[in-house]
Amino acid sequence: MAPDPSDASSASSPAPNAVRAADLDWSESERGDRFAFRRKRLAERAGGRDLGCSLYEVPPGKRPWPTHYHEGNEEALYVLSGTGALRTREGAADLDLEPDTYVALPAGADYVRQIENDGDEPLRYLALSTMNHPDVTVYPDSDKVGVFCGAPPGGDKNARTLHGYYPRDAAVGYWDDEPTTEE
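In the working numbering, the protein residues as written are 359 to 541.
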């Protein structure tokens with residue numbers, strides 16, 4: 359049980375907070391016929407700051423997210439039930455996902471990934487992440503990048519000072535459109 363924030367003694371002597379997944383509602387997301395998941399944000403509800411943890415459930419034949427990797431955050435997966443595949447970068451072996459499988463996904467292009475439920479039952483897993491910002495998320499299939507400042511992916515959207523998705527080839531020169539002469 360979380361301490362009462364109005365209790366002055368809890369503010370001066372912090373204590374761990376706990377949350378039960380069974381006590382949280384699922385949030386659901388679906389996009390087209392390829393992507394769908396249900397999620398419970400465990401770390402956020404327990405007051406986590408530097409480490410995120412969510413419980414995911416992915417229906418058979420679906421994926422939770424597009425193929426991507428993070429430049430600023432490490433992620434990890436721990437499979438609770440169901441089966442699936444972790445699709446990796448071209449030329450690397452895909453990984454089978456089954457109960458009790460733990461996968462470390464450091465930041466960087468070598469750890470591009472996409473989860474797919476290739477089984478007949480929901481794939482349920484814990485997703486853990488460092489909550490660093492800024493972060494840049496790269497999406498190789500669509501050749502775009504996501505920029506997250508003020509709050510990391512999965513963090514408080516209202517705290518973001520800059521957030522957007524951009525084509526990788528939308529580069530401009532450093533001095534483009536800058537006033538370089540006095541008017």
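Cβ coordinates follow ideal geometry from the N, Cα and C atoms, glycine included. Keep in mind it's a predicted model, so treat the numbers as computed, not measured.
query: Secondary structure, beta strand (DSSP E): runs of 3+ residues fully inside the stretch 411 to 463; result: 433 to 439, 442 to 446, 453 to 455 and 460 to 463
query: Cβ pair residue 467, residue 432 closer than 7 Å; result: no
query: Classification of residue 511 by the beta-carbon crowding that lies within 10 angstroms, buried from 16 upward; result: buried
query: Selected residue, minimal CA-CA separation from residue 385, among 413, 391 and 401; result: 413
query: Same chain, Cβ closer than 6 Å to residue 481, neighbours up to 5 away in sequence not counted; result: 416, 440, 442 and 475
query: Cβ pair residue 525, residue 502 closer than 7 Å; result: yes
query: Residue 410 beta carbon less than 7 Å from that of residue 487; result: yes
query: Distance CB(residue 436)-CB(residue 382) smaller than 7 Å; result: no
query: Residues sharing a beta bridge with residue 524, DSSP; result: 503
query: According to DSSP, residues forming a beta bridge with residue 389; result: 393
query: Spatial distance of residue 425 from residue 434 (CA atoms); result: 15 Å
query: Stretch-stretch touch, CB-based, cutoff 8 Å, three pairs: the stretch 492 to 502 with the stretch 519 to 533; result: yes
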